[in-house]
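To start, the structure itself, in structure tokens.
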Amino acid sequence: MKKSQAMECDLWQGIVSITQVPGNEATEENEISWLCNPFGDDTVYTTQFVLDLEKNNDQFSWNFFLTANKKDSAEAKALYFLNYLRDLFPGLTGKVSTKRTNNYRFANHIKFYEIVFPEPPYGIKFKFFKRIIDIFYFLNKVENHVAKFYIIWQKDDSVSSSTIIDELYKIKIFFSIETKSYDEKVRSKMIKSYVQNLISDFKNSNEEKAILKEVPPDTMNDILKEMTFFKNTAGDYTGRYYNELKKLRWMPHWMPGFIKPEEIDLVIPSNIPIKKSVRLKYERRGFNTDPDESKITILLGNYINKNGVKTEQKQYLYLNDLNRHLNILGLTGNGKTYFLYHLVNEISKKAPNVGTLVILLRKGEEKAHFNCDQFYEYPNVRIPYCFDYEDILSFLKILAKILSSIIGLKDIFEWNMGNALKAYYKKYKHLPYNLKDLFQLYWTWFKKNKYPGDFGGTSLLAIENRMYNLIDSELDSVTKLAHEPPIWFQEFINGKNVLLDLSSISNNHNQLKLLIHFIIQMIRVFIPESGEDKLKYAVIIDEIEHIAKKSNFNDSGDNLSVTQSYLAEAFEEFLEAFRSRGVGLITVGKDASVLPKGIYSLPNINMLFNIKIKEARFFTNSLEDQMSLSCLGYRQACIINAVQKERFLFYTPDLVLSERDGRA
1 MKKSQAMECD
11 LWQGIVSITQ
21 VPGNEATEEN
31 EISWLCNPFG
41 DDTVYTTQFV
51 LDLEKNNDQF
61 SWNFFLTANK
71 KDSAEAKALY
81 FLNYLRDLFP
91 GLTGKVSTKR
101 TNNYRFANHI
111 KFYEIVFPEP
121 PYGIKFKFFK
131 RIIDIFYFLN
141 KVENHVAKFY
151 IIWQKDDSVS
161 SSTIIDELYK
171 IKIFFSIETK
181 SYDEKVRSKM
191 IKSYVQNLIS
201 DFKNSNEEKA
211 ILKEVPPDTM
221 NDILKEMTFF
231 KNTAGDYTGR
241 YYNELKKLRW
251 MPHWMPGFIK
261 PEEIDLVIPS
271 NIPIKKSVRL
281 KYERRGFNTD
291 PDESKITILL
301 GNYINKNGVK
311 TEQKQYLYLN
321 DLNRHLNILG
331 LTGNGKTYFL
341 YHLVNEISKK
351 APNVGTLVIL
361 LRKGEEKAHF
371 NCDQFYEYPN
381 VRIPYCFDYE
391 DILSFLKILA
401 KILSSIIGLK
411 DIFEWNMGNA
421 LKAYYKKYKH
431 LPYNLKDLFQ
441 LYWTWFKKNK
451 YPGDFGGTSL
461 LAIENRMYNL
471 IDSELDSVTK
481 LAHEPPIWFQ
491 EFINGKNVLL
501 DLSSISNNHN
511 QLKLLIHFII
521 QMIRVFIPES
531 GEDKLKYAVI
541 IDEIEHIAKK
551 SNFNDSGDNL
561 SVTQSYLAEA
571 FEEFLEAFRS
581 RGVGLITVGK
591 DASVLPKGIY
601 SLPNINMLFN
611 IKIKEARFFT
621 NSLEDQMSLS
631 CLGYRQACII
641 NAVQKERFLF
651 YTPDLVLSER
661 DGRA
């Protein structure tokens, strides 16, 4: 019998957890309030704000609770209420869950309070929402505290002999403070004093103020079971606002306050620590509204609609559009690398014949997350500086420019390098076996020219110092002359997914730049032009700004500017000329402003994660859209596809990784 009664008393809560609020442009004060009664009956509504600084994420949460006798009913009520809020506040969204209500027990170190309202009418708006956010930021200074606020409201059911003109709600506001401080008395006093300020200016027209009172901990069970109010189910005469009840000598703990929706300022504060909706003013969608099913597509993610809400509608990119190159930019920790894992997976799955080469310049520990067939790590990899092939004489001019620029020299030095290489090749029918011998050849050739005065001596010293700073035994071994492309490159051009981890030399920028030059030249030599605008190979370079960065020096002749200038030239040639070879370049970086212009302006597709507002100006003239791009959340991105004339926001797909710790 007891078990049967217990089952009859089971209650379920439908929980609406707010995960996104309207953007700042949509939070201006208006007449709409979520203190409302969308069901039009005697439903009791509860909203909860939790301020928990001990959590690493989601330190602030906002939830609504609706109680029902069955799980399905609770879920249905929560879904209805969430949709109602979405209609009221475009850009707001959340998730729904259910939970069986249980008896709640407070620990001794938790204090539970109620804000007791004076009788209306009130002279000012109660800025409750804003004050809660203020307390959240205040608690950042007072560690080891958890604060929970509850607003409970219900349609007024008082009975009066006169007609009730105003729309009124019964309302109660509770909050709990949990402290784990060793100096609990001091901390509790500080918190209570601060929360007292929450209600200090809330008073009625008779100058009666709201008061703060401590309530029994088991009040929480009344909240969970919607038993916080006296419910006038019998329709007894109560007087206006339960005035007759006040004649009792004691004040029942269930005595409600009465309030109009417009008397509490419930405008969502701009500094609320919940993700805000972001939307583009100049959104354009092309083929995604009617894709060509005969073409291979790459999944981008879920479309974020014009209200800034993630939808279930999938967005795609034609695979062959990647042959026009893709540039991905965004601040660290916003999901760029996470999307890169997905992109490699998509290409592998949708186009298994397309070879993919992933080059990691830093963060080598991430290689385990890429779905690649083969992994190679420096220095256990071969990246030859040159090959014996028929047209090698025409290549020597390019090689001379690469080698002279990498040590910061140009003009006469480049000319001498070219002449030294040609003379050696004509004599021996091959080039020096390794870079160390090649640079020694160059130094000897330059010395034989006997340039007069200080120029000759200074130049020889510069060549020697820069040569020894560049070349060590590992680089010399990795870059040795070869007769055929290395195994990893053959795998790549045969359609395999290959990863090169160069992160072990991330501190030697010139070595990295030199190896990238050699890889580009391998593509030039061994991948012929096809004339088709079709993706056959994808080359991905992560953290491109680690090597391709504009020089801060004004002197275009200084060694860093020379090195950077020719690397930028090599990338621009790649972006302009290699499309005819079916090779798409995908670069991933942080800021456009530090990159050579060609890297972000020549690709036909730019994908932008959260970027600084000053960086957004490189991609749009709209101030509104610049602001939106600087407010994107984790895994939110904007695609600007000049091929399909598209510009829209999306949320990157979920991806199950075998070894992922934290965010990419």
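In this note's numbering, the protein residues as written are 1 to 664. Heads up, the beta-carbon is just placed ideally off N, CA and C, and yes, glycines get one too.
Query	Result
Assigned exposure category for G633 - 16 Cβ within 10 Å defines buried	buried
R324 classed as buried or exposed, judged by whether at least 16 other C-beta atoms fall within 10 angstroms	buried
Validate contact between the region 329 to 343 and the region 606 to 621 using beta carbons, cut 8 Å, 3 pairs	yes
Span of the beta strand (DSSP E), counted from its first residue to its last, around M607	I605 to L608
Nearest candidate by alpha-carbon position, reference S176, set T297, K71, K426 and I115	I115
Beta-carbon proximity list for K70, same chain, < 7 Å, skipping 5 on both sides	W12
Cβ neighbours of H509 in the same chain (closer than 8 Å, five flanking residues each side left out)	H546 and I547
Beta carbon of F112 nearer than 8 Å to that of P217	yes
Integer-rounded CB distance, given that P269 should sit under 8 Å from K130	5 Å
8 Å Cβ cutoff met for Y341 and L655	yes
Residue span of the beta strand (DSSP E) that contains Y303, given as start and end	T297 to I304
Helix, strand or coil at L266 [DSSP, three-state]	coil
Helix, strand or coil at T46 according to DSSP, with G and I counted as helix	strand
Chain-order list of residues whose beta-carbon lies under 7 Å from that of K170 (same chain, five-residue window excluded)	W153, Q154, D156, F229, P256 and F258
Separation of N334 from E263, as counted between CA atoms	40 Å
Which residues DSSP lists as bridging F230, in chain order	For F230, which the question treats as bridged, DSSP gives no partner whatsoever.
Among I541, P379 and R466, nearest to S477 - alpha-carbon criterion	P379
Distance between K614 and I406 (C-alpha atoms, nearest Å)	31 Å
Sequence ranges, alpha helix (DSSP H) only - wholly within the region 300 to 366, length at least 4	336 to 350
Where N371 falls, given that 16 or more other Cβ within 10 Å makes a residue buried	buried
Contact between the region 362 to 371 and the region 389 to 404 (3+ Cβ pairs under 8 Å)	no
Whole-angstrom distance between F138 and D707, CA atom to CA atom	No answer is possible for residue 707: it lies beyond the span of the chain, which begins at 1 and ends at 664.
Environment of I32 [buried if 16+ CB atoms lie within 10 Å]	exposed
E167 classed as buried or exposed, judged by whether at least 16 other C-beta atoms fall within 10 angstroms	exposed
Spatial distance of A423 from L629 (CA atoms)	55 Å
For G239, the nearest candidate out of S158, F619 and G23 (CA to CA)	S158
Collapsed DSSP secondary structure at E28 in the structure displayed	Here the model assigns E28 a pLDDT of 49, short of 50, so the residue's position is not dependable, and the following value carries that caveat. Note: E28 maps to coil in three-state DSSP.
For G123 and N204, believed in contact at Cβ under 8 Å, the rounded distance	7 Å
E167 in three-state terms, based on DSSP	coil
The beta strand (DSSP E) enclosing S593, as first and last residue numbers	Counting along the chain, S593 falls outside any beta strand (DSSP E), and DSSP gives it neither H nor E.
Within 8 Å, strictly: CB atoms of K77 and G23	no
Limits of the beta strand (DSSP E) - the one that S477 falls within	Element bounds for S477: not the beta strand (DSSP E) but the alpha helix (DSSP H), S473 to V478.
Neighbourhood of R382 by C-beta distance below 6 Å, restricted to the same chain and skipping five residues each side	P486
I505 to E474 span [Cα, whole Å]	10 Å
Contacting residues, own chain, Cβ-Cβ under 7 Å from E178 (five flanking each side not counted)	H109, I110, H145 and V146
For L585: DSSP bridge partner residues	V539
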